[in-house]
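Comments concern the structure below.
Number of protein chains: 2
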Amino acid sequence: MVRKGGTRERVYEYVRKRILEGTPPTVREVQRELGFRAVQSAQEHLDALVASGRLEKVGRVSRGYRLPGSIGTASFVPLLGSVQAGELSEAIENLDAYVAVDHDFGDRRGFALRVRGDSMIDAGILPGDIVIVCEQPHAENGEVVVALVDDEATVKRLRIRDGRVELHPENRSYPVIVPADPLRILGRVVEVRRYLESDIRPV
Amino acid sequence: MVRKGGTRERVYEYVRKRILEGTPPTVREVQRELGFRAVQSAQEHLDALVASGRLEKVGRVSRGYRLPGSIGTASFVPLLGSVQAGELSEAIENLDAYVAVDHDFGDRRGFALRVRGDSMIDAGILPGDIVIVCEQPHAENGEVVVALVDDEATVKRLRIRDGRVELHPENRSYPVIVPADPLRILGRVVEVRRYLESDIRPV
DNA sequence: TACTAAATCAGACAAATGTCGGGTATACTT
DNA sequence: AAGTATACCCGACATTTGTCTGATTTAGTA
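Residue numbers (our numbering), protein chains in the order written: chain A, 1 to 203; chain B, 204 to 406.
Structure follows, in structure tokens:
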């Protein structure tokens, strides 16, 4: 036996690579890749990897191996061109473009929004950028949020001064917004993206 | 038969949903979901969807349905904390963090790099931002590139003036870099990202 | 009505696939 | 020497899965 200690690692590396590529391998594909003459050899390595928590397994279905903790399972969130009034759900329903995210939204939903205007340019958020948003009705002081102002979604930094809620643009040319009505927050921005060349490819 | 015209669409929606969730369905899973009493019913819808180009199929393996054009098949690129000298390949080998991208790199490889310094701040690239890079040895005038300067990777905009190559920061506090030796370009920046809260989750 | 095309169903087969019981060899421990 | 754990192998079985042939139903049309 020339290489013994490294076999387990090679199995893991191969499975991980296949999962990240989008197609978890079958047990026999692992067997062939590693050169085992018995299925059981691959199976035992996989079992051991699952037992040690480095892999997870969903039922006894084919290609059922995953990376733990939903890691590596990129999800897609809908890209909304614009959001108006309270039609967030409807806007999400009708959209046909998605962007891949590796963010974990937990119980909440996520969506993406294309930024209009340069009111956040000093925060490095340029017109045309895409923000990834975690849908939630509340946010804390200092967080960048998507809020409804005049029935249109806008990206601003939330400030709370003396118990009063303000929306601060990060551009000296724009005024601070002090909402008269209770502010409707659509979500909190968790990521900013800029595609420098290719368009977003609709999924 | 109450709903007939919509069945094809329902099959497509289901398959797409499953693919985006990371696990393409088997033919019989489609059958069960749609309530068909025959496998063939699901099979024919799938064949039709493939024939019309709305789905793609890889060989006669299980769970072999994909969205066309590698769309929806998010891949992961390695996140490099720093790149020095010519050790790009080695740096990629050793990394343990990945970020999900929906960019299509074609034949080329992609990687991600954390930006140091504020030399590109006027281009909306802040310190700590992550750039997604398409590995390529050449770039065109005006493109943002990752290049080796003093054996360290740096992000700058490439300018070609009178046949001379220059690296322009987008921050008036920094000088234009005019490389003495032939410039070594690691790749072209195709995307800029900023995670506002959570750390990158290692994959 | 007769014809046609599409959709669905019925049944089946071969290959792929997950799983299991038991065997062999090696290294290490007691 | 005996025991034990690990890694690997052999053969096999039941499901799952992709695929095929043919029949039935339904809707539309000449």
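Ideal Cβ positions, reconstructed from N, Cα and C, are used throughout, including at glycine.
Model, not experiment: these values are computed from the prediction.
Burial state of residue i (16 or more Cβ within 10 Å)
i, result
"G6/A", "exposed"
"A112/A", "buried"
"E93/A", "Note that E93/A scores a pLDDT of 48, beneath 50, so its modelled location is shaky and nothing firm can be said."
"V352/B", "exposed"
"R243/B", "Residue identity differs from the one stated: residue 243/B is Gln in this sequence, not Arg. Flag for Q243/B reads exposed."
"G238/B", "exposed"
"A254/B", "exposed"
"V358/B", "buried"
"I132/A", "buried"
"P169/A", "buried"
"A408/B", "Residue 408/B is absent from the structure shown; chain B starts at 204 and stops at 406."
Contacts around residue i, its chain only, beta-carbon distance under 6 Å, and the 5 residues preceding and following it disregarded
i, result
"I185/A", "P137, A139, V145, A147"
"R204/A", "This structure does not reach residue 204/A, given that chain A is present from 1 up to 203, and the question cannot be answered."
"L67/A", "I19"
"C337/B", "F308, R311, G313, G390, R391, V393"
"Y174/A", "S119"
"L55/A", "L49, Y65"
"V381/B", "E369"
"L208/A", "Since the first residue of chain A shown is 1 and the last is 203, residue 208/A is not available in this structure."
Cβ neighbours of residue i in the same chain (closer than 8 Å, five flanking residues each side left out)
i, result
"P228/B", "Y217, V218, R221, E236, R266, Y268"
"G53/A", "P68"
"G327/B", "V395"
"N171/A", "D118, S119, M120, I121, D122"
"R360/B", "M323, A326, G345, E346, V347, V348, L370, H371, P372, E373"
"A241/B", "Q234"
"V230/B", "V242, A245, Q246, L249"
"R211/B", "H248, A251, L252"
7 Å CB neighbourhood of residue i in its chain, flanking five on each side removed
i, result
"G86/A", "With a pLDDT of 46 at G86/A, under the threshold of 50, the predicted position of this residue should be treated as unreliable, and no value is reported."
"V280/B", "Y301, V302, V304, G313, F314, A315, I335"
"G128/A", "R114, V115"
"I160/A", "N141"
Spatially closest choice to residue i from the options, by CA coordinates
i, options, result
"S119/A", "V176/A, R193/A, G22/A", "V176/A"
"E44/A", "V155/A, V11/A, T23/A", "V11/A"
"A153/A", "G187/A, N171/A, G35/A", "G187/A"
"R319/B", "G345/B, L283/B, H306/B", "L283/B"
"K260/B", "V178/A, T23/A, D181/A", "T23/A"
"E473/B", "D47/A, D162/A, A180/A, V61/A", "Since the first and last residues shown for chain B are 204 and 406, residue 473/B lies out of range."
"L183/A", "E197/A, Y195/A, V165/A", "V165/A"
"S399/B", "H103/A, R159/A, A180/A, D181/A", "Note that residue 399/B is Leu in the sequence shown here, rather than Ser. With distances taken between Cα atoms, L399/B lies closest to H103/A."
"E21/A", "S278/B, E212/B, R362/B, R211/B", "S278/B"
Contact list for residue i against chain A, beta-carbon separation under 8 Å
i, result
"E394/B", "R193, R194, Y195, L196"
"F308/B", "Result: empty, since nearest Cβ-Cβ is about 11 Å, beyond 8 Å."
"L223/B", "S75, F76, Y98, V203"
"L329/B", "G124"
"R266/B", "T23, S62, R63"
Chain B residues whose Cβ lies nearer than 8 Å to that of residue i
i, result
"V144/A", "L399"
heavy atom of the ligand ZN below 6 Å from residue i C-beta
i, result
"L79/A", "Absence of the ligand ZN from the depicted structure is noted, as is the absence of any ligand whatsoever, leaving it without description."
Which runs of the beta strand (DSSP E), 3 residues or longer, sit entirely within the segment 309-345 of chain B?
313-317, 333-338
Can you give, in chain order, each stretch of the alpha helix (DSSP H) that sits fully within the segment 23-63 of chain A and has at least 4 residues?
27-34, 39-51
Sequence ranges, beta strand (DSSP E) only - wholly within the segment 352-385 of chain B, length at least 3
355-364, 367-371
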